[in-house]
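Going down the list, the protein sequences come from chains D and C.
Numbering-wise (numbering that gives the first Met the number 0), the first sequence opens with residue 0 and increments by one.
Numbering-wise (numbering that gives the first Met the number 0), the second sequence opens with residue 0 and increments by one.
Okay, so here's the structure we're looking at.
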Amino acid sequence: MIETIYVEQSCIGSDRVQTIIKRFPRTRILECEFYSQVFNRAGQNFRLQKKLPCLILAQKHKGFVLPAPAGYGIGGKHNFYFSHMLNCLYDCRYCFLQGMYRSANYVLFVNYEDFATDIERKIVEHGQDSVYFFSGYDCDSLALEPVSRFVEFILPVFARNPQAYLELRTKSTQVRQLLDIQAVLPNVIVAFSLSPEKIVQAFEIKTPSLQKRISAMQKLQAKGWPIGLRFDPVLLFENYELTYKEFFHTVFTSLDIEKIHSVSLGGFRMPKHFHEKILKLYPEEPLLSAGMQSDKSLVAYRPDDEKELLAFCQAEILKYIQPDQYFPCQY
Amino acid sequence: MINIICALDCEARVFIDFYKLKRVREHSLAIYENQVMRVLVSGIGHLAAATTCAYAAALSAKASVYINIGSAGGKDFSIGDCFLIDKISSEIFVDDFYPVISFSTGSRRAMLKSMDMPNAAYVAGGLQDMEAYGFYAAARQFTTLELIQCIKVVSDTQANERDGLSKQFLQELLLSSFSEIRKIIQSLQQLCAEYEIQISEPQYLSLMLNQFKFSEAQKQQLKRLLRGMNSQKKLSPILLEQLSGCGKANDVLMVLAQKLADQVLQLGQFDD
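Laid out in structure tokens, this is it:
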């Protein structure tokens, strides 16, 4: 439940902001000059703030669309990501966001039009080449959709640019708007991050259960939406083989495999400076230390352990799908 | 430690009496405390509040709460209304503060402007006092923002009412909001306990630091590794003995890093 909404003075009068505010009639509305006054200030504690995050409505001024990290993609020649929202409604203990931002508050950039303009500019720049846009890097793409209605806004951009692709990375079951849409877009992939239920319970706090996510995927597939499966990160734990074997079986036998757009697989890894911050926030959390080692810039499992884990998962996955559906993360 | 800073003794009295706090005579300030709570009477004005807050911080561990509690004027409200302040501005300073409220108590919220001198022209739509800004400006130096709050009870809604405020009236005013204030204090105590988990030194740290010479960077690494081993529940006298047998600090770090990398995450409690 959001109890406070901060609004940048420059956008308080906009229809979109007023519509969002009206959804929260009992919520305290505070104006600020710049969202950074609330979001970026020193001395905040991400873990404590995560108990009751606020919503900040602001305008983004630059960097709407950025190149995706190397090795990140599902077949596109040019890959970009955008962040219309900072921070996630969920609280996954392995997530790098815990170490990236000082604040756990949600920032929603309400100038959607500027995102759309930049996306279309990139599409035009690359002519007939396949261009992929990834949503869900700094937030969950669908969790706040009933409030933000960002996906509803951006889909027409991809309707008129069928050569461009949009991935909506999510753990959410907020798929109603997608189910209500008349014309499904074949170039929009709803990509679900999935983990075994015992991982969901242990580390993916506030997220829907695996079964609920599967149910959402089934509904989307029935409607005709391309579905992506994102097994990322896979985690190393005692007897992981049996757990992941059963997990992949559950997932793949619940869906129409032929209609799955893409499956990706990646191990746990995190920039060292993010990992150190998260360790300070959650010193008692065993996930963040067990089996990990670090080099100068990255924390991950030991190479042999990771190789074994990924090889096992890959072998299991490929029992169900075709190789051309499979996109392992390349680091 | 819960540090409550009040401008006046009559505002502090309800907390002193309820929590049975004892006056600590060694200090030049009026300070009352027990094992978990300290009330400081600062006097009127932002400078007094700031310096008193700094004094409290010098007596406190990093995981401490700071609350400014007192009376305030507010022409748009009723006498006795109690508010958790979520925006603090100042008559003389440019920056605004936005207290971080990471708990839900159902308390009403208000903005507040701290005045430099008593002011007959009341702020529209908010409260006014003379301490909160100075208090907050100081407190944010000493702990995480989520542990710093301002609570104000409306004592006057017109200038002439303020002139007639007696000590007994102010004391009764704070008493009338005490149960609400107490809920806020309890919420802050819970947050503080969670913050303490984050910043407490891991077991065996001081033993290792006494035994080996670590550089500052190595000390940070040692803390990280000991915390990691603690999270795996692998800190034990046997491990301590093994570490004590190391030749030098770097060997300790290598042993711990290796042991941590060898750990396998257990998820037994989440079995299907």
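From the three backbone atoms N, C-alpha and C, an ideal C-beta is built for every residue, glycine too.
Residue 181/D and residue 220/D have their C-alpha atoms spaced approximately 14 Å apart. Under DSSP, residue 299/D forms a beta bridge with 268/D, 292/D.
Residue contact with chain D for residue 197/C: present (Cβ-Cβ distance below 8 Å to some residue of chain D).
In this structure the region 105-114 of chain C does not lie against the region 160-175 of chain C, because fewer than three pairs of beta carbons, one per stretch, are closer than 8 Å.
Beta-bridge annotation (DSSP): residue 228/C is not paired with any residue.
Rounded to whole angstroms, the Cβ separation of residue 59/C and residue 0/C is 5 Å, and the two are in contact under 8 Å. With respect to chain D, the C-beta atom of residue 132/C has no partner C-beta closer than 8 Å. In the structure shown, residue 134/D adopts extended strand secondary structure according to DSSP, grouped into three states. Per DSSP, reduced to three states, the secondary structure at residue 312/D is helical. When secondary structure is reduced to three states using DSSP, residue 160/D falls in the coil class, being assigned neither helix nor strand. Listed along chain C are 97, each with a C-beta nearer than 7 Å to that of residue 37/D. Close to chain D, meaning a Cβ-Cβ distance shorter than 8 Å, are the following residues of the region 88-113 of chain C: 95, 97, 99, 100, 101, 102, 103, 108, 110. For residue 3/D, the uninterrupted beta strand (DSSP E) segment begins and ends at 3-7.
Taking 8 Å as the cut-off, the Cβ atoms of residue 70/C and residue 179/C do not count as close. Contact between the region 10-29 of chain C and the region 39-56 of chain C is present, with at least three C-beta pairs closer than 8 Å. Three or more beta-carbon pairs separated by less than 8 Å are not found between the region 51-66 of chain C and the region 313-327 of chain D, which leaves the two stretches without contact. By the CB criterion at 8 Å, residue 266/C and residue 237/D fall inside the cutoff. Cα atoms of residue 253/D and residue 215/D: separation of roughly 11 Å, rounded to the nearest angstrom. Here residue 321/D is exposed, its C-beta having fewer than 16 other C-beta atoms within 10 Å. In this structure, DSSP gives residue 110/C an extended state, which the three-state scheme calls strand. With respect to residue 47/C, residue 67/C sits apart: the two C-beta atoms are not nearer than 8 Å. Across the region 193-206 of chain D, CB contacts with chain C closer than 8 Å involve 196, 197, 198, 200, 201, in sequence order along the chain. A Cβ of chain C is located within less than 8 Å of the beta carbon of residue 234/D. For residue 85/C, the closest Cβ of chain D is nearer than 8 Å.
A straight-line Cα-Cα distance of about 33 Å links residue 135/C and residue 271/D. The Cβ-Cβ distance between residue 132/D and residue 79/D falls below 8 Å.
Taking a contact as a CB-CB distance under 8 Å, the pair residue 52/D and residue 104/D counts as one, their CB atoms being some 5 Å apart.
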